[in-house]
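Asks: Quick one: the structure is below, and I'll ask about it shortly.
Numbering (our numbering), first residue to last: 32 to 562.
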């Protein structure tokens, strides 16, 4: 196993989705099974559709090890097909497209998930496919019908930061097409159509985010105060040397770009400048630490500048394949890249065989001390996937509600109020409600290890407990008078009927859109066969 920095976080959210599917207890907003069954909101903010797809994969997997192998395999295949699609759209032949696709699979843009479970890789896997339409924009000076809105929505539903990168890449390309086209009115109308399609296909995220954030104050996600060290020319140089041929490609492409600049057509100039732009923002040339110190909200959202190297990788391979006609060189780069990936995975999995460094998910990870090293490791190979998540826990407080300003460490608060109290209560799920039972009362009031948001309904004995009858801690754990609790039991569910309609609409539109593209694909294939 590879238990990297984000493993436990993503395992929890995918396990929650898988158990909802298995038990048919669907709850779009709060976690019923993952995250210590705390009722906190996670998946509604972190790509709910992709969470349910991964949840289905978790459900089909025998254990966490099988899930990790399958998810890695799917990611590699998806990224390879995506890059192949991009290069073929750019008029490369079969051989070069395959070569470029395999090279892309060997880059850290994709390896970030297998080695550390960084979800950026899933956005990176889709990004080349989303960029495949730019060649139509360059050639025809028109907006691709339905494709722009669909592809942008697809990556937005997967990884929001990757979608922002995609929009930044689209911007100069579409501006160029707009300036050059003679049908500007048609261009604007088509663009508005695609924007509307995008918003319809992402309505679930927009409505959820604005509705819930308007009614609740949240603990902000992790703010990286040492961003400059997470750039490709400093502490994250591994993005440049995986594979090592990538660095050689970068030097040659930049050199040729500046030498042959006058011979480039407008499309290549735009793509080259786009690549250089993202190369700069992924480096410490940008004063990232200064921006963080001055409370730049944009820098806080970005967290790790090395993420901007993903589009550099894609365009770098595109330019290299365009300039290199040496088959032996391209083949050598592919072979070296594959060998390097295999060696890297051996290095990454080696700590698993140690007794003290086998969990590499960061300092905020708690390993139940009552379990031996072998027990901890074996839990990831058990059919009951909840065992591993109870033994290895992480105190990530992202999107917990904040009811009182406090200087106390939020990670510590989550540990004390949710994780440490888990053994004192029994939790179960019935009819999409999370039920919490306490065996005996020690004090006049009982603080339950669950999280209450504005739309979370707390009840006991089938009756709602009025918010004025109980108090909430800094992170929203309810403190309820014992004399109000019926049968030592309380329950929670999330109640916001208004939000369900746009969510259901979005899911329905996705089904219709996918069926539409399948129909178009079948029609094109049939025409080719007939011809």
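Glycine is no exception: its CB is placed at the ideal position from the N, C-alpha and C atoms.
(1) How many angstroms separate the CA atom of residue 203 from the CA atom of residue 92?
(2) Looking at C-alpha atoms only, which residue of 363, 304, 214, 308 is the closest neighbour of residue 275?
(3) Below 8 Å between beta carbons: does that hold for residue 153 and residue 250?
(4) In whole angstroms, what is the alpha-carbon distance linking residue 165 and residue 139?
(5) Taking just the CA atoms, how far does residue 65 sit from residue 443?
(6) Starting from residue 406, trace the alpha helix (DSSP H) in both directions and tell me its first and last residue.
(7) For the beta strand (DSSP E) containing residue 524, list its first residue and its last residue.
(8) What did DSSP end up calling residue 214 once you bin it into helix, strand or coil?
(9) Which runs of the beta strand (DSSP E) fall wholly inside the stretch 434 to 521 and span at least 3 residues, in chain order?
(10) So the candidates are 504, 105, 67, 71; which of them puts its Cα closest to the Cα of residue 437?
(11) Tell me the rounded alpha-carbon separation between residue 279 and residue 306.
(12) Starting from residue 343, trace the alpha helix (DSSP H) in both directions and tell me its first and last residue.
(13) According to DSSP, what are the bridge partners of residue 396?
(14) Take every Cβ of the stretch 529 to 536, pair it with every Cβ of the stretch 232 to 246, and state whether three or more of those distances are shorter than 8 Å.
(15) For residue 109, tell me which candidate among 47, 483, 186, 146 has the shortest Cα-Cα distance.
(16) To which residues does DSSP link residue 249 through a beta bridge?
(17) Within 10 Å of its beta-carbon, does residue 474 have 16 or more other beta-carbons around it, so buried, or fewer, so exposed?
(18) Beta-carbon separation of residue 101 and residue 87 under 8 Å?
(19) Could you check where the alpha helix (DSSP H) with residue 102 kicks off and where it finishes?
(20) Taking a contact to mean a Cβ-Cβ separation below 8 Å, would you say residue 261 touches residue 309 in this structure?
(21) Straight-line CA distance for residue 561 to residue 350?
(22) How would you label residue 329, buried or exposed, when you count the other beta carbons within 10 angstroms and need 16 or more for buried?
(23) Tell me the DSSP bridge mates of residue 34?
(24) Give the straight-line distance between the Cα atoms of residue 479 and residue 142, rounded to the nearest whole angstrom.
(25) Can you name, in chain order, every residue of its own chain whose Cβ lies under 7 Å from the Cβ of residue 435, other than the five neighbours on each side?
Replies: So, to answer that:
(1) Between the C-alpha atoms of residue 203 and residue 92 there is a straight-line separation of about 43 Å.
(2) That would be 363, whose Cα lies nearest to the Cα of residue 275.
(3) Not a contact, by the Cβ cut-off of 8 Å.
(4) In this structure, the straight-line span from the alpha carbon of residue 165 to that of residue 139 is close to 24 Å.
(5) If you take the alpha carbons of residue 443 and residue 65, they lie about 19 Å apart.
(6) Per DSSP, residue 406 belongs to the alpha helix (DSSP H) from 404 to 410.
(7) For residue 524, the enclosing beta strand (DSSP E) stretches over residues 520 to 525.
(8) Reduced to three states, the DSSP call for residue 214 is coil.
(9) Listed in chain order, they are 456 to 461, 464 to 469, 476 to 478, 487 to 491, 509 to 512.
(10) Its Cα nearest to that of residue 437, the residue 504 stands out among 504, 105, 67, 71.
(11) Approximately 16 Å between the Cα atoms of the pair.
(12) Per DSSP, residue 343 belongs to the alpha helix (DSSP H) from 340 to 354.
(13) 425, per the DSSP bridge assignment.
(14) Counting Cβ pairs under 8 Å, three or more are found: they touch.
(15) Residue 186 is the option with its Cα nearest to residue 109.
(16) Its beta-bridge partners are 432.
(17) Counting other Cβ atoms within 10 Å of its Cβ, residue 474 stays below 16 and is therefore classed as exposed.
(18) Between residue 101 and residue 87, the C-beta spacing is not below 8 Å.
(19) 95 to 120 is the span of the alpha helix (DSSP H), which, as asked, contains residue 102.
(20) No, the pair does not count as a contact, with Cβ atoms beyond the cut-off.
(21) Put simply, the backbone Cα of residue 561 is about 36 Å away from that of residue 350.
(22) Around the Cβ of residue 329, a 10 Å sphere holds fewer than 16 other Cβ atoms; the residue is exposed.
(23) According to DSSP, residue 34 bridges with 390.
(24) Roughly 40 Å separates the two Cα atoms.
(25) Excluding residues up to 5 positions away in sequence, 505 lie with their Cβ nearer than 7 Å to the Cβ of residue 435 in the same chain.
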